[in-house]
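*Asks:*
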Amino acid sequence: MTTPSNPENLIAVLRTVFGFAHFRANQEAVCRAAIAGRDLLLVMPTGAGKSLCYQLPALVLGGTALVISPLISLMEDQAAKLAALGLRVARIHSGMERGASRQACIDYLQGNLQFLFIAPERLRVPGFAEMLAKGKLALIAIDEAHCISQWGHDFRPDYRMLGQYLPDLRGGAPVLALTATATPSVQADILQQLGMVKPERFIHGFRRENLAIEVVEVPVPERPRAICGLLGDERRRPAIVYAPSRKLAERLAEELSVSIPAAAYHAGLDAATRERVQTAFQAGELEVVVATIAFGMGIDKADIRTVIHAGLPSTLEGYYQEIGRAGRDGALSRTYLMHSYADQRTHDFFLNRDYPPVGHLEQVFRALGEEPRAVDELRGASKLGEEEFDKALEKLEIHGGARVDFGGNVTSGGTGWKKTYAVQAKYRAEQFEKVLQFTTSNECRMAALVRHFGDVADASRACGICDACDPAGAVLRLFRRATAAERALALAITGELRQVDYKATGTLQRALDPAGKLNRKEFDGLLDAMVRARLIEMEDAEYEKDGEVRRFRKVRLTKEGMELRPGPVVELLIGDGMVEEFGGRVALGATKKSSTAARKSAKKLEAGPARLSEEGDAVAARLKEWRATEAKRLGVPAYLVMHDRTLTALALARPANPKQLLEIVGMGPAKVEKFGGAILGLCKP
Ligand code: ADP
Ligand code: MG
Ligand code: ZN
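Residues in the sequence shown are numbered consecutively from 383, following our numbering.
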């Protein structure tokens, strides 16, 4: 094609080949960078139009675009779309006949292909990379590039190998990494792993204007009713519900399908069933799908009105991708995140399962040698359970401690795995901490997410429609008007803050409520209401004491807060759980008194302010000491051994046997197995 730097030419290709009238935001700049031969990282949300950003430059540059994609379904989908445009496309993956793959290679070498899609594991097939290097590449596009990062939630070992092959493969071709989800640290990891040369970064478009996010504390047993209540209104459908387990997905789907066409979707179902559910949802025959995380990667449905999370997600990246499936048509859509303390326990359980103790990996590693041994044989000889063994071996392979060949034989790898594995496990725990912070924050939900994804420039604007920006407009989350006493306390808080730059929430409460009339949560609830009324600002901060990171919140006055004086008072709306219609308490504006009884019973469910007896104090001290030693021994931060809240709960409850121990927040089965003996010993009077 002719001079690509000419703007008209790009538009002409866009119109004649792709049939689009205009570039979308950012697309043109990315195309120009690629055409100029620059390596680049493109981070834009799902549906923003990333594919065009490699497809159009490929045509302009001439030669074949090599597209690496982690999922066969994605590959098939994109290849079909390009073929429908009359472009010359081939793909090579494990789901294809050998002859078809061979033909694809021939076509490629003869220069007949504009696009060649491959799965990353192809590169491990002897001779394949060498074959690719003989053709003429326009560019190399790595789709879903976050799979490269060992920190990314979809980490694929084969993606991590890509960096090794690129130097020989690429010739002079630019490398484009595309993803919808990469926090700043994942971005850095991608650039480094791929060895990108002076890469340009395009990070853009994370804000979604039409998603109203609510984050609501809902006790686990009340969730099914709340979900049925929400989705009973047809204006809130089609909808996706994300459930934390297969069992819950099944149960919810069953309850919903009494009155709504609904089905479950999870990895435990066979491929045909999953396919059927996906197609029926796409076609509008099903109005609700209750899914575990596996659902939605390939879904292209524009009018999803609601996305509900029936439990805490484990990362904000996953969460944002999931809520992002709502409202692609641009119409207002609502998303609800339900959480409670119980979710933290569920999560600890999964974390322990997915990131097994180093000891498990060590056991497997020790059994490996230079001589290849069959996986089955090793598994049989191992003391670990089958699943535990497979998980440990998988982690070892990912981190280079084991090499598994196509025949299922394993040899020993390097010893570096220990370090990178610890890093990854720690990172995962931190990711969950970020989710927890998100649920307890009072900041605009959208702004918080946009910042999380590294789009700092766009993070200062509030969305106006989330539960933090517009509490009165919330559907599921209940707010009540502050009482006279609470308003008086709010005034006192502004008075106290006027003297200083900032105060920590705890200090503030001790100063204004020395008798401890409000519990910590009630006081925080009032502060949250003041943030929403823009009277104060809060900021997470941390300090280190005894080698441990402690978090606290700084509170400072805003300009409006500075000007607040006794007299006509601003409206303060205090978060109070869930709206009655969905199984919660009184709705906004209703009289206050009916809620007192309900609130009392709700209080029982929460951990009250921790007041320890002398004995409890002694247990806490012993546990802390033990935790510090254990953390040092394992080379991890103390909170990974045990959270503060778990420690306090232990000191309060002082469990006497493993069963009681399991009841404690943060004590999953794996933790009990590993540390149970030691902890129970320390809890004894
Ligand atoms: P992503 O990979 O970022 O998730 P895709 O590349 O799959 O998104 O594009 C999403 C949709 O947007 C596709 O249906 C695509 O055809 C469409 N699209 C992309 N660019 C444009 C454009 N400039 N004008 C109109 N539609 C576009
Ligand atoms: Mg894509
Ligand atoms: Zn907002």
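A virtual CB, placed ideally from N, CA and C, is assigned to each residue, including glycine.
Do Ile595 and Asp837 have their CB atoms nearer than 9 Å?
*Replies:* Their beta carbons are not under 9 Å apart, which means Ile595 does not touch Asp837 by this criterion.
*Asks:* What residues in its chain sit with their C-beta under 8 Å from that of Asn791, if we drop five residues either side in the sequence?
*Replies:* Pro754, Arg755, Ala756, Val757
*Asks:* Would the beta-carbon of Ala472 be found less than 8 Å away from any heavy atom of the ligand MG?
*Replies:* no
*Asks:* Could you give the C-beta distance for Asp544 and Leu576, rounded to a whole number, given that I count them as a contact under 8 Å?
*Replies:* The amino acid at residue 544 is misidentified as Asp; the sequence shows Leu. Indeed, because the Cβ distance is near 6 Å, the residues count as touching under 8 Å.
*Asks:* Any residues whose CB sits closer than 5 Å to a heavy atom of the ligand ADP? List them in chain order?
*Replies:* Phe402, Arg406, Thr428, Gly429, Ala430, Gly431, Lys432, Ser433, Leu434
*Asks:* Just to confirm the assignment: which complete alpha helix (DSSP H) runs, minimum length 4, are found wholly within the stretch 755–813?
*Replies:* 757–763, 768–780
*Asks:* Indicate whether Leu879 and Arg938 have their beta-carbon atoms separated by less than 9 Å.
*Replies:* Closer than 9 Å, so yes.
*Asks:* Thinking C-alpha only, which one of Val689, Glu632, Ala559 is nearest Leu613?
*Replies:* Val689
*Asks:* Between the C-alpha atoms of Gly1105 and Asp1026, what's the straight-line distance to the nearest angstrom?
*Replies:* Given that the chain is displayed from residue 383 to residue 1067, the structure contains no residue 1105 and the question cannot be resolved.
*Asks:* Do Gly517 and Tyr490 come within 9 Å of each other at the CB atom, strictly closer than that value?
*Replies:* yes
*Asks:* Start and end of the beta strand (DSSP E) containing Tyr737?
*Replies:* From DSSP, Tyr737 is part of no beta strand (DSSP E); its letter is neither H nor E.
*Asks:* Specify the secondary structure class of Asp550 as computed by DSSP and reduced to three states.
*Replies:* helix
*Asks:* Where Lys1006 and Ala411 are concerned, what is the direct C-alpha to C-alpha distance, given to the nearest angstrom?
*Replies:* 54 Å
*Asks:* List in chain order: all unbroken beta strand (DSSP E) runs of 3+ residues lying wholly within the stretch 391–427.
*Replies:* 422–425
*Asks:* Going straight from the alpha carbon of Phe584 to that of Thr865, what length do you get?
*Replies:* Between the alpha carbons of Phe584 and Thr865 lies a gap of roughly 49 Å.
*Asks:* Under the DSSP definition of a beta bridge, which residues are partnered with Glu458?
*Replies:* Paired residue(s): none; Glu458 is not in a bridge.
*Asks:* Taking 8 Å as the cut-off, does the stretch 692–707 touch the stretch 616–625 (at least 3 CB pairs, one atom from each stretch)?
*Replies:* yes
*Asks:* So, Ile609 versus Leu634, is the Cβ gap smaller than 9 Å?
*Replies:* yes
*Asks:* Tell me whether Lys936 sits in a helix, a strand or coil according to DSSP, three-state version.
*Replies:* Strand, per DSSP.
*Asks:* Identify, in the order they occur along the chain, each residue of the same chain with its Cβ nearer than 6 Å to the Cβ of Leu1022, setting aside the five sequence neighbours on each side.
*Replies:* Ala811.
*Asks:* Anyone know if the C-beta pair for Val557 and Met578 falls short of 9 Å?
*Replies:* yes
*Asks:* Smallest Cα separation from Asp787: which of Ser696, Asp540, Asp736?
*Replies:* Asp540
*Asks:* Could you name the residues of the same chain whose beta carbon sits closer than 8 Å to that of Ala397, not counting the 5 residues immediately before and after it, in chain order?
*Replies:* This sequence places Arg at residue 397; Ala is not what is there. These residues qualify, in order along the chain: Ala403.
*Asks:* Should Ile488 go down as buried or exposed, given a rule of 16 or more other Cβ atoms within 10 Å for buried?
*Replies:* exposed
*Asks:* Is Ala653 buried or exposed, if buried means 16 or more other CB atoms sit within 10 Å of its CB?
*Replies:* exposed
*Asks:* Does the beta-carbon distance from Ala911 to Glu942 come in below 9 Å?
*Replies:* no
*Asks:* Quick check on the DSSP output: the beta strand (DSSP E) that includes His586 runs from which residue to which?
*Replies:* Unbroken run through His586: none, as it is neither H nor E.
*Asks:* Measuring straight from C-alpha to C-alpha, what distance separates Glu699 and Arg947?
*Replies:* Approximately 42 Å, taken between the alpha carbons.
*Asks:* At a threshold of 8 Å, does Ile847 count as lining the ligand ZN (C-beta to nearest heavy atom)?
*Replies:* yes
*Asks:* Compute the minimum distance between the beta carbon of Glu699 and the heavy atoms of the ligand MG, and state whether it is under 8 Å.
*Replies:* No, since every heavy atom of the ligand MG falls outside the 8 Å radius drawn around the Cβ of Glu699.
*Asks:* To the nearest whole angstrom, what separates the beta carbons of Leu560 and Lys432, a pair I think is in contact under 8 Å?
*Replies:* 5 Å
*Asks:* At which residues does the beta strand (DSSP E) containing Leu715 begin and terminate?
*Replies:* According to the sequence shown, residue 715 is Ser rather than Leu. From DSSP, the beta strand (DSSP E) with Ser715 extends over 715–721.
*Asks:* Would the beta-carbon of Leu743 fall within 9 Å of that of Leu760?
*Replies:* no
*Asks:* In angstroms, rounded to a whole number, what distance separates the CA positions of Ala523 and Glu636?
*Replies:* 42 Å
*Asks:* With DSSP collapsed to three states, give me the class of Gly846.
*Replies:* coil
*Asks:* Does Met944 come out as helix, strand or coil in the three-state DSSP assignment?
*Replies:* DSSP, read as helix, strand or coil, puts Met944 in helix.
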